[in-house]
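Novice: Have a look at the structure that comes next, please.
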Amino acid sequence: MIIVADSGSSKTDWVLTANKQAPVKFTTGGLNPFFLSEKEMIKLIQDQAPVMVNHFPLVEEIYFFGAGCSSPDKREIVSNALTHIFPRAFVSVDSDLLGSAYATCGARKGLVCVLGTGSNISFFDGEDVTTGKHGLGYVLGDEGSGTWFGKALITDFMYGIMPAEIHKQFEDEFHVTKDDIINNVYLKRGANSYLASFTKFLSAIKETVYGNELIKRGLQEFINTNVKSYADYQEYTCHFVGSIAWFFSDQLKELCSQNNISAGKIIRHPIDELVDFIVNRNQVQA
């Protein structure tokens, strides 16, 4: 039995798969080692994924791809947590960028963009990803991400920049005060997920002039800062993964066309394609 997982900061998609058996799919909270300790990850998995824990004697291999897993020390935190629960299993932990590359590029070269709670980009050479100067997180970067749009919405609301009708809609839906926002952003953990939670409002108003312009502004900033940082970006297909890319795909495709970007796959959750890639690769290597 094999477990494949794709994790962002907000949630983790898991798939249990075995020969001649239907895959078992479930979701837990995100397992980002920048925000959770090893012990917190163990508790989260045990509390939210009993179906997986119940199968632990049968699990032989675990392939985990997650946000925040780009450095050896952070990958070790996740690996230790998974090994604690599945002591007999082979555990592989890599970045969410590599998982997204497998899901979109397969074995072909291309640019891979993550646009979810956070944002990032990498070049995939057909075997591995080359990370660059991006992925600075929600304080310094994350252009075009859920956190970026959340910040934009909150600041426009608090500064009174939103059109009056949209301002009232926002107020009626969230009932937030300045103190609420300050406490959640500066004093509590999970500020990135808190900010990204407001993006659902943007989906509801994306047909308005204000909503459409804000979406395009954020996505264009991602393109300018991330995609165009690759001098040869026009030579490769550019794939997109994540809820922001998925829900705002019309604006994304339009901007890609305007910026001479060859848009490839736009998928919300890479887990299904990722599972297929891992299973097929293992069969070839067997």
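Counting along the sequence shown from 1, when you hit position 68 you're at 149 in our numbering, and nothing is skipped either side. A virtual CB, placed ideally from N, CA and C, is assigned to each residue, including glycine. All figures in this text were calculated on a predicted structure; none of them were measured in a lab.
Helix, strand or coil for Ser-160 per DSSP?
Specialist: Taking the sequence shown and counting its residues from 1, the one referred to as residue 160 is at position 79. Residue state, collapsed to three classes: helix.
Novice: From this set, Ala-326, Lys-287, Tyr-144, Ala-344, which residue's C-alpha is nearest Gln-315's C-alpha?
Specialist: Residue mapping note: residue 315 aligns to position 234 of the sequence shown, counting from 1. Checking every option, the nearest Cα to that of Gln-315 belongs to Ala-344.
Novice: Buried or exposed for Ile-263, please, with buried defined as at least 16 other CB atoms from any protein chain shown within 10 angstroms of its CB.
Specialist: The count along the sequence shown starts at 1 and reaches residue 263 at position 182. By the neighbour-count rule (16 or more Cβ atoms within 10 Å), Ile-263 is not buried but exposed.
Novice: Does the beta carbon of Glu-354 come closer than 7 Å to any beta carbon on chain D?
Specialist: Protein chains in the displayed structure number just one, and chain D is not present.
Novice: Within its chain, find whatever has a CB closer than 8 Å to the CB of Phe-251; leave out the 5 residues flanking it on each side and keep chain order.
Specialist: Position 170 of the sequence shown, counted from the first residue, corresponds to residue 251. Around Phe-251: Leu-234, Phe-238, Met-243, Phe-282.
Novice: Grouping DSSP H, G and I as helix and E and B as strand, with all else coil, what is Ala-184?
Specialist: One-based indexing of the sequence shown puts residue 184 at position 103. Residue state, collapsed to three classes: helix.
Novice: Expressed to the nearest angstrom, what Euclidean distance is found between the alpha-carbon atoms of Pro-199 and Glu-224?
Specialist: Here the question's residue 199 lines up with position 118 in the sequence shown. Here the question's residue 224 lines up with position 143 in the sequence shown. One detail in the question is off: residue 199 reads as Gly in this sequence, not Pro. Using only the alpha carbons, I get a separation of about 8 Å.
Novice: Indicate the three-state DSSP secondary structure (helix, strand or coil) for Lys-92 in the structure shown.
Specialist: In the sequence shown, residue 92 corresponds to position 11, counting from 1. Note: Lys-92 maps to strand in three-state DSSP.
Novice: Below 8 Å, can you find three or more Cβ-Cβ pairs linking the stretch 184-201 to the stretch 316-328?
Specialist: Verdict: yes, contact present.
Novice: Pairing CB atoms from the stretch 114-131 with CB atoms from the stretch 155-168, are three or more of them under 8 Å?
Specialist: Yes, they touch.
Novice: Nearest to Ser-274 by alpha carbon, out of Ala-103, Ile-83, Asn-113, Met-82?
Specialist: Indexing the sequence shown from 1 puts residue 274 at position 193. Checked all of Ala-103, Ile-83, Asn-113, Met-82; the closest Cα to Ser-274 is Asn-113.
Novice: How would you call Leu-276, buried or exposed, if buried means at least 16 neighbouring beta carbons within 10 angstroms?
Specialist: As a first step, residue 276 must be located in the sequence shown, where it is residue number 195. Looking at its Cβ environment, which holds 16 or more other Cβ atoms inside 10 Å, Leu-276 is buried.
Novice: Can you pull the DSSP bridge partners for Val-85?
Specialist: Along the sequence shown, read from residue 1 onward, the residue named residue 85 stands at position 4. According to DSSP, Val-85 bridges with Val-96, Tyr-144.
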